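Trainee: One structure coming up, written as structure tokens, with questions to follow.
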Amino acid sequence: MKLQGDYHTHTRFSDGKNNVIDMVRAAKEKGLREFAITDHSINKIINGFRGRNFDRYQGEIESARAEMPMLVGIEANVVSTSGRIDLDRRMEGKTDIVLCGVHVMVIFTPWAFLTFLLPNVFFRLIHWTPQFMRRRNTNIVTRAIRNNDVDVWTHPNRYVRLNVLEVARVCVERGTLIELNGKKISFRPIDFEKMRALGAKFIVNSDAHNTQSIASVARVEEFLKNCDWEQSDIINLNQTYTEYKNAKSTDANQDGNPGAEKPKRGIFGRRN
Ligand SMILES: [Zn+2]
Ligand SMILES: [Zn+2]
Numbered sequence: 003m004k005l006q007g008d009y010h011t012h013t014r015f016s017d018g019k020n021n022v023i024d025m026v027r028a029a030k031e032k033g034l035r036e037f038a039i040t041d042h043s044i045n046k047i048i049n050g051f052r053g054r055n056f057d058r059y060q061g062e063i064e065s066a067r068a069e070m071p072m073l074v075g076i077e078a079n080v081v082s083t084s085g086r087i088d089l090d091r092r093m094e095g096k097t098d099i100v101l102c103g104v105h106v107m108v109i110f111t112p113w114a115f116l117t118f119l120l121p122n123v124f125f126r127l128i129h130w131t132p133q134f135m136r137r138r139n140t141n142i143v144t145r146a147i148r149n150n151d152v153d154v155w156t157h158p159n160r161y162v163r164l165n166v167l168e169v170a171r172v173c174v175e176r177g178t179l180i181e182l183n184g185k186k187i188s189f190r191p192i193d194f195e196k197m198r199a200l201g202a203k204f205i206v207n208s209d210a211h212n213t214q215s216i217a218s219v220a221r222v223e224e225f226l227k228n229c230d231w232e233q234s235d236i237i238n239l240n241q242t243y244t245e246y247k248n249a250k251s252t253d254a255n256q257d258g259n260p261g262a263e264k265p266k267r268g269i270f271g272r273r274n
């Protein structure tokens, strides 16, 4: 599977092993046409991105544009039960791509810690998540995607179990891409096919934390062998993310609907 771009990677700015320029050179060597660095946002414990480093982070990625087309990205965390995400004020308007997913080692609001994180950690330990908890998780992630400008929903269903179809419905409404994560896919081929039937669009990413793993998505290939799908379901196989976005905004303009463009990101990524 040949990717045009890899849009989920980490560097030493959060928990990756390599620095920005090494990652970019490796991406170029692998023949990618576009590349995004998407370090963990500020609420991730220990490995979280330090907000005060953001300017340096942005600077390093922007200078790497001498090597190849680059996007400044962030992988944000869901941090409250109302679906707030930790996109910092200092990052406002400075990101080209915002990924968002649920992570466990994150600073949540006290209410989310008690009623979202703790029960989910427990249910994960016993490998069974009751229906009421799945419902709650679905609602929280749905709110995060509805209330923020999220470009990609990362690793669906991995750390908390939920109804992927319901979240996918909101992703379709909002134009949010659903990730097929190179490290692990936590839903079934039948779920993928149902999401596809809803009109969902997908993006394949490595979630690389080192240079070697960039664009390595063998697991996604294995997964897709069991699915009914078409090249056009996955946006970064035939085009880059930027080409996809440009084509989308042209379509919206031709439909006489420039309003389809998402509003500018506000504080905490909320819509203004
Ligand atoms: Zn993640
Ligand atoms: Zn990640």
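Going by the numbering used here, the first residue of the sequence shown is number 3, and it counts up by one from there.
We treat Cβ as the ideally placed atom computed from N, Cα and C, and that holds for glycine.
None of these values were measured; they are calculated from a predicted model.
1. Which same chain residues, not among the five before or five after residue 110, have their C-beta less than 8 Å away from its C-beta?
2. Taking the alpha-carbon positions, what's the residue 194 to residue 243 distance?
3. Per DSSP, what are the beta-bridge partners of residue 155 in this structure?
4. Sort 164, 211, 85 and 176 by Cα distance to residue 185 and report the nearest one.
5. Considering only heavy atoms of ligand 2 and the C-beta of each residue, which residues fall inside 7 Å, strictly closer?
6. Using a Cβ-based criterion (distance less than 7 Å to any ligand heavy atom), does residue 103 qualify as near ligand 1?
7. For the candidate residues 240, 39 and 49, whose alpha-carbon lies nearest to that of residue 105?
8. Based on DSSP bridge pairs, tell me the residues matched to residue 74.
9. Out of 250, 92, 157 and 5, point me to the one whose CA is closest to residue 30's CA.
10. Look at residue 131 and residue 168 and say whether their C-beta atoms are less than 8 Å apart.
11. Indicate the three-state DSSP secondary structure (helix, strand or coil) for residue 150 in the structure shown.
12. Do you know whose CA, among 253, 182, 257 and 249, lies nearest residue 224's CA?
13. Rank 77, 108, 112 and 107 by C-alpha distance to the C-alpha of residue 98 and give the top, closest one.
14. Which of the three DSSP states, helix, strand or coil, is assigned to residue 202?
15. Apart from the five residues just before and just after residue 233, which ones in its own chain have a Cβ nearer than 7 Å to its Cβ?
16. Among 128, 23, 122 and 257, which one has its Cα closest to the Cα of residue 138?
17. Report the CB separation of residue 32 from residue 60 in whole angstroms; it is logged as a contact under 8 Å.
18. Cβ of residue 41 within 8 Å of Cβ of residue 12?
19. Of the residues 165, 196, 135 and 65, which one's Cα is nearest the Cα of residue 235?
20. Tell me which same chain residues have a C-beta within less than 7 Å of the C-beta of residue 47, skipping the five on either side of it?
21. Can you tell me where the alpha helix (DSSP H) with residue 6 in it begins and where it stops?
22. Can you grab the Cα-Cα spacing for the pair residue 142 / residue 203, in whole Å?
23. Closer than 6 Å by C-beta to residue 153: which residues in its own chain qualify, once you throw out the five before and the five after it? Chain order, please.
24. Within its chain, find whatever has a CB closer than 6 Å to the CB of residue 253; leave out the 5 residues flanking it on each side and keep chain order.
Mentor: Per the coordinate set shown:
1. Closer than 8 Å at Cβ, skipping near neighbours: 45, 81, 82, 118 and 119.
2. Each residue's alpha carbon lies about 20 Å from the other.
3. Residue 155 pairs with 102 and 180.
4. Considering only 164, 211, 85 and 176, the residue with the shortest C-alpha distance to residue 185 is 211.
5. Result: 10, 12, 40, 42, 77, 156 and 209.
6. Inclusion of residue 103 in the 7 Å shell around ligand 1 follows from its C-beta lying nearer than that to a non-hydrogen atom of the ligand.
7. It is 49 whose Cα lies nearest to the Cα of residue 105.
8. Residue 74 pairs with 39.
9. Ranking the options by Cα distance to residue 30, first place goes to 5.
10. Residue 131 places its beta carbon 8 Å or farther from that of residue 168.
11. Of the three classes helix, strand and coil, the one that applies to residue 150 here is strand, per DSSP.
12. Among 253, 182, 257 and 249, the Cα nearest to that of residue 224 is on 182.
13. Just measuring C-alpha positions, the residue of 77, 108, 112 and 107 sitting nearest residue 98 is 77.
14. Collapsing the DSSP output to three states places residue 202 in coil.
15. Closer than 7 Å at the Cβ level, and outside the excluded window around residue 233, lie 239 and 240.
16. Taking each of 128, 23, 122 and 257 in turn and checking the Cα distance to residue 138, the smallest one comes out for 122.
17. Between the beta-carbon of residue 32 and that of residue 60 there is about 23 Å, and that puts the pair past the 8 Å contact cut.
18. Yes; because the gap between Cβ atoms is below 8 Å, this pair is in contact.
19. Nearest C-alpha to residue 235: 196.
20. Cβ within range, chain order: 107, 108 and 109.
21. Taken as a continuous stretch (DSSP letters only), residue 6 belongs to no alpha helix (DSSP H), as it is neither H nor E.
22. If I take the Cα positions, the gap works out to 21 Å.
23. Closer than 6 Å at Cβ, skipping near neighbours: 99 and 100.
24. Excluding positions up to five away in sequence, the list is empty.
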